[in-house]
Amino acid sequence: MEDKLDEEIASLEKPDADDLEVLRERRLQQMKRMAEKRKRWRSHRHGEYTEIPSEKDFFAAVKASEQRVVCHFYRENWRCKVMDKHMT
Numbered sequence: 001m002e003d004k005l006d007e008e009i010a011s012l013e014k015p016d017a018d019d020l021e022v023l024r025e026r027r028l029q030q031m032k033r034m035a036e037k038r039k040r041w042r043s044h045r046h047g048e049y050t051e052i053p054s055e056k057d058f059f060a061a062v063k064a065s066e067q068r069v070v071c072h073f074y075r076e077n078w079r080c081k082v083m084d085k086h087m088t
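Going by full-length UniProt numbering, the sequence shown opens with residue 1, and the numbers climb by one from there.
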């Protein structure tokens, strides 16, 4: 029993070429999915700081978002100016 476990541990510690190729292929697919997701986010204007002119446009932006939206109601005070500066 102990010898069998030692063999399994040894095989896991020394991956062969097939194992490395499988890991490489998985990582490549993961990177492709992430690139596609980023492309989709950009098409929905994620990462941009824009003014939304109407309530209808606001709800359309929120519905198109996969996860979250930051909504900043701007007023002429120092707190809003600081937040606006950080977001631009």
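Note that the Cβ used here is the ideal one computed from N, Cα and C, for glycine as well.
Since the structure is predicted, the reported quantities are computational estimates derived from the model, not experimental observations.
State the Cα-Cα distance for the pair residue i and residue j, rounded to the nearest angstrom.
| i | j | result |
| --- | --- | --- |
| K85 | S43 | 24 Å |
| D3 | A64 | 56 Å |
| D11 | L23 | A small correction: the amino acid at residue 11 is Ser; Asp does not occupy that position in the sequence shown. C-alpha separation (whole angstroms): 15 Å. |
| K39 | I52 | 22 Å |
| C80 | E55 | 20 Å |
Between which two residues does the alpha helix (DSSP H) containing residue i stretch?
| i | result |
| --- | --- |
| H86 | W78 to M87 |
| R26 | A17 to S43 |
| S65 | Unbroken run through S65: none, as it is neither H nor E. |
| E13 | E2 to E13 |
Could you give the C-beta distance for residue i and residue j, rounded to a whole number, given that I count them as a contact under 8 Å?
| i | j | result |
| --- | --- | --- |
| V62 | V69 | 5 Å |
Give the secondary structure of residue i by DSSP, where H, G and I count as helix, E and B as strand, and everything else as coil.
| i | result |
| --- | --- |
| F73 | coil |
| E55 | helix |
Quick check: is any heavy atom of the ligand HEM less than 8 Å from the C-beta of residue i?
| i | result |
| --- | --- |
| K63 | With respect to small molecules bound, the structure shown includes none, and the ligand HEM cannot be examined in it. |
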